[in-house]
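This report concerns only the one structure given below.
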Amino acid sequence: MSFLPDHALDHLRQVTETPDFSNTRYRIEAELGRGGMGIVYQAWDSQLERAVALKVMDAGYAINQEGKLLAQLEHPGLAPVYDAGSLADGRVYYAMRLIQGRSLDEFLRDEPSLTARLRIFQKICDAVAFAHHRGVIHCDLKPQNIMVGDFGEVFVVDWGVARTLESGPLPSAGTPHYMAPEQSGHGGPPLDVRTDVFALGRILQDLMPPAPPRPLEAIAQKATEPDAAGRFADVARLAADVNLFLAGLPVTAYRDTPLERLVRFCRQNQVLLLLVGSYLAVKLLLFFLAPH
Amino acid sequence: MPYDSDTAIGGPHRPFPTTRHSLIHCARGTGTLAREALDGIVEVYWKPAYKHVRIQWRRSNEEAKDLVQSFFAALIEQQILSAFEPSKARFRTYLKACLDHFVMKQDESANRLKRGGGTIVLFDFDAAERELAGSPSVEDVFLREWQREMFALGLQDLRSLCAAQGKTLQWNIFEQYDLAGDARPSYAVLAAEHTIPVTSVTNYLAWARRELRRLVLLRLSSVTSGDPECQAELHVLFGK
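Protein chains in written order, with our numbering: chain V, -19 to 272; chain L, 1188 to 1427.
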């Protein structure tokens, strides 16, 4: 074989990487992103005449586990799977809804208010809690795997390393910063819903301002406890605590100091305190002004 | 692949070759099988090693020839591969580190094996030198040349496959289009030249690319320690 010049090498690398969808209903339009297990493309479904997202798994992923898992999960926060199949070169793919939006980390660049961020966080929790209810744990939750739509819709994507709760131990997979200690794969405790609670705690930390309110900080801290037993037992409890924080109520993860309790009481009873204060002020005024 | 039947062409139901008995595992043993496996590794890596020494270590072609021959001789004689631990590094990274270490040690001791003085591994250094003349310097020569060699060997396998299966037309179209220089002919031109429909050009190209990918993956699986490393290297080989 004669020498392969750079331009020929680059061309071959590209044409052998691009999946061949020529005998299918899909036409590749653009690459959207690539992860540890495959590449996601924007494609056109010529049969139904709509844009879709096509995930083409790397060679070797013979069982389209992600597609099967996702197909079992129907929730507004999860991209529905439309179709699945195999390419002529053996790679498996599945088509799913093309989500128009930005990843969570891109969303955060616009510096939305803390309340807006926490509302998004609750929607993430809703989707993940639903998956848990169906016996599926995501195992790779991170801002890049959360899509936020223009109208505040939230989608949890990339279920490539997701596991059913009945599955055996997972080999080390995920993104280190968001991985719970038990995901290190060194014979630790089995993975369960608290594995995702850990990642959600990390995401919550990403959402917090530099000097976060102490109760919120405590929620994130409890969610990211190295020992799974110290974390929230499930995502619903984590979401409930965030909800309490948003409502200005005491959270379970944090014990208020007496001063904080007093401040909270005052905030929650502002009208009553104003009325009582006004009443007392008037009484005091009348006491001094009245002839003795 | 005489080393392991699992890594032979497996058909559409074996999209990814089994790598449990890769060349690396075989090469760590002894006997004829190990020697053949080592030859397979050397086939993939001698050019990347030579060009790496020439460019990154700024050695003359004569020095680089000595060093690379000595390195692969040492690889064979000193069983350097037996120290390779897949959990710590990719094989490509390990081999490059070994080569760098070897060059440094040779510098220190100035005790390089002279050509003709030890186990001789014969390479076509003149061809590699000609290639260097036309190859611009890149940041990581070893990686780039490894990619080039993997594809060059894959192309060699594809051409053999086409010849064996009587698919000369497919090869010719693939060569005229995908291996062309800047002036790539259109599908219509190729179709007219070979008096076949344009759709056949599309199909032949798709087939050849698919086969090339599979053959390169076979090569890749043989020079990696197992599936996890193979998956990781796959992104380096095909990725952007």
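Where is the CB? At the ideal position from N, CA and C, for every residue including glycine.
Segment limits, alpha helix (DSSP H) that includes residue i
i, result
"R1406/L", "1385 to 1409"
"A267/V", "The residue you asked about is not Ala; residue 267/V is Phe in the sequence shown. Start and end: 250 to 269."
"F101/V", "94 to 113"
"E(-3)/V", "-14 to -3"
"N3/V", "Premise fails: N3/V is in no alpha helix (DSSP H) and is neither H nor E."
"C1417/L", "1414 to 1425"
"Q163/V", "Run containing Q163/V: none; DSSP gives neither H nor E here."
"R1377/L", "Reading the sequence as shown, one finds Leu at residue 1377/L and not Arg. Residues 1374 to 1381."
"D176/V", "173 to 187"
"E146/V", "Looking at the DSSP string, E146/V is not in any alpha helix (DSSP H), and its letter there is neither H nor E."
"F131/V", "No alpha helix (DSSP H) contains F131/V, which DSSP labels as neither H nor E."
"I79/V", "Where I79/V is concerned, there is no enclosing alpha helix (DSSP H), given that its DSSP letter is neither H nor E."
"T1512/L", "Outside the modelled stretch of chain L, which goes from 1188 to 1427, sits residue 1512/L, for which no answer is possible."
"P170/V", "Careful: P170/V lies outside any alpha helix (DSSP H) and carries neither H nor E."
"L218/V", "215 to 226"
"K202/V", "194 to 203"
Listed by chain order, chain V residues near residue i by CB distance under 7 Å
i, result
"F1312/L", "The contacting residues do not exist; F1312/L stays about 14 Å from chain V at best."
"R1335/L", "L(-16), L(-11)"
"T1389/L", "S2"
"L1393/L", "Sequence inspection shows Ala at residue 1393/L; the Leu mentioned does not correspond to that position. Neighbours of A1393/L on chain V, chain order: D0, S2."
"R1397/L", "D0, A68, D69"
"D1365/L", "H(-9), L(-8), V(-5)"
"R1400/L", "T(-4), D69"
Residue i versus the options, residue with shortest Cα-Cα distance
i, options, result
"R7/V", "L242/V, P(-15)/V, A31/V, Q(-6)/V", "A31/V"
"K202/V", "L187/V, V231/V, A227/V, P190/V", "V231/V"
"P156/V", "R182/V, G140/V, G81/V, F131/V", "R182/V"
"G13/V", "D(-10)/V, A261/V, R82/V, N3/V", "R82/V"
"I126/V", "I79/V, H113/V, L145/V", "I79/V"
"G18/V", "G140/V, L145/V, L(-16)/V", "G140/V"
"A198/V", "D221/V, D207/V, V72/V", "D221/V"
"L1404/L", "A1419/L, S1247/L, D1365/L, I1263/L", "A1419/L"
"S66/V", "Y74/V, L28/V, P60/V", "Y74/V"
"L1220/L", "I1263/L, R1396/L, T1386/L, H1381/L", "I1263/L"
"V1328/L", "E1416/L, A1276/L, V1410/L, Q1243/L", "Q1243/L"
"L58/V", "D90/V, L239/V, D138/V, R99/V", "D138/V"
"T(-4)/V", "P1415/L, L1402/L, S1409/L", "L1402/L"
"M76/V", "A23/V, A96/V, V108/V", "A23/V"
"A1375/L", "T1389/L, D1369/L, E1362/L", "T1389/L"
"G15/V", "P190/V, G129/V, M37/V, V116/V", "M37/V"
"A142/V", "Y259/V, D0/V, F1/V, K48/V", "K48/V"
"S1247/L", "Q1363/L, G1341/L, D1313/L", "D1313/L"
"A208/V", "A219/V, P170/V, R244/V", "P170/V"
"S287/V", "L269/V, V173/V, P192/V", "The requested residue 287/V does not occur in the structure, where chain V is confined to residues -19 to 272."
"G132/V", "L121/V, R97/V, V177/V, V116/V", "R97/V"
"K1283/L", "G1368/L, S1408/L, H1239/L", "H1239/L"
"D214/V", "P195/V, L255/V, D176/V", "D176/V"
Residue span of the beta strand (DSSP E) that contains residue i, given as start and end
i, result
"M1337/L", "Careful: M1337/L lies outside any beta strand (DSSP E), inside the alpha helix (DSSP H) at 1328 to 1351."
"I126/V", "126 to 128"
"V136/V", "134 to 136"
Residues that residue i contacts on chain L, provided the C-beta gap is smaller than 7 Å
i, result
"A38/V", "One point to set straight first is that residue 38/V is Asp, not Ala, in the sequence displayed. Near D38/V (Cβ distances below 7 Å), the residues of chain L are Q1418, L1421."
Cross-chain neighbours of residue i in chain V, by beta carbon under 8 Å
i, result
"V1403/L", "T(-4)"
request  = Check each residue of the stretch 82 to 114 of chain V: if its Cβ is closer than 8 Å to any Cβ of chain L, include it; give the result in chain order.
outcome  = none
ask   = Which runs of the alpha helix (DSSP H) spanning at least 4 residues fall entirely within the stretch 10 to 75 of chain V, listed in chain order?
value = 45 to 51
task = Tell me the start and end of each unbroken alpha helix (DSSP H) in the stretch 1217 to 1274 of chain L that is at least 4 residues and wholly inside, in chain order.
result = 1218 to 1242, 1248 to 1264
Contact set between the stretch 47 to 68 of chain V and chain L, restricted to residues whose Cβ is under 9 Å from the partner = S66, L67, A68
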